[in-house]
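Asker:
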Amino acid sequence: MTTTVGSVLENSRDYIINALINYQRLQAPKTWIGSKEENVLILLSELMQVVKELADTLATHTHSGVVAGPATTKGPVQASVITEHGVDSGDFKIRVDVVTKR
4 MTTTVGSVLE NSRDYIINAL INYQRLQAPK TWIGSKEENV LILLSELMQV
54 VKELADTLAT HTHSGVVAGP ATTKGPVQAS VITEHGVDSG DFKIRVDVVT
104 KR
């Protein structure tokens, strides 16, 4: 009986290791991935919101000082908003890095 139990445990261990090496599928109605304090999926959602806001800002941005002819323009009127989106993205990266094993 010990040999049978040992074989089952070893086969199970080998299966689990093989599954982890090849892929891992996680399927549930609600999922938490991360640390006790930080859910990486929430961070991903928040980052996607920042990307959407950045795209919306860039799609409608304007420049002041535009004149007819071959001239250079000033920076976007919304430059500070665009910069803030970059700051937000950097903050999300820091939060993800804290819970990421490297």
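If you want our numbering, it's the 1-based position in the sequence shown plus 3.
The C-beta atom is built at its ideal place from N, Cα and C for all residues, glycine as well.
Since the model is a prediction, treat every value here as computed from it, not as a measurement.
(1) Could you tell me which residues DSSP pairs with Pro79 in its beta bridges?
(2) Here's the rule: buried if 16 or more other CB atoms are within 10 angstroms of the residue's CB, otherwise exposed. What is His66?
(3) So Phe95 packs on Leu50, CB below 8 Å; how close in whole Å?
(4) Using a Cβ-Cβ cutoff of less than 8 Å, which residues in the same chain neighbour Val80 once the five nearest sequence positions on both sides are dropped?
(5) Leaving out the 5 sequence neighbours to the left and right, which residues in its chain are closer than 7 Å to Ile36 when beta-carbon positions are compared?
(6) Is it buried or exposed for Arg16, if we count other Cβ within 10 angstroms and need 16 for buried?
(7) Measure from the alpha carbon of Val102 to the alpha carbon of each residue in Lys77, Gly78, Leu46, Pro73, then state which is nearest.
(8) Between Gly72, Gln52, Arg105, Lys77, which lies nearest to Gly89 when the distance is taken from Cα to Cα?
(9) On the premise that Thr76 lies in contact with Val69, defined as a C-beta separation below 8 Å, what is that separation, rounded to the nearest angstrom?
Answerer: So, from the listed chains and residues:
(1) His66
(2) exposed
(3) 5 Å
(4) His64, Thr65, His66, Ser67
(5) Asn42, Val43, Leu44
(6) exposed
(7) Leu46
(8) Gln52
(9) 5 Å
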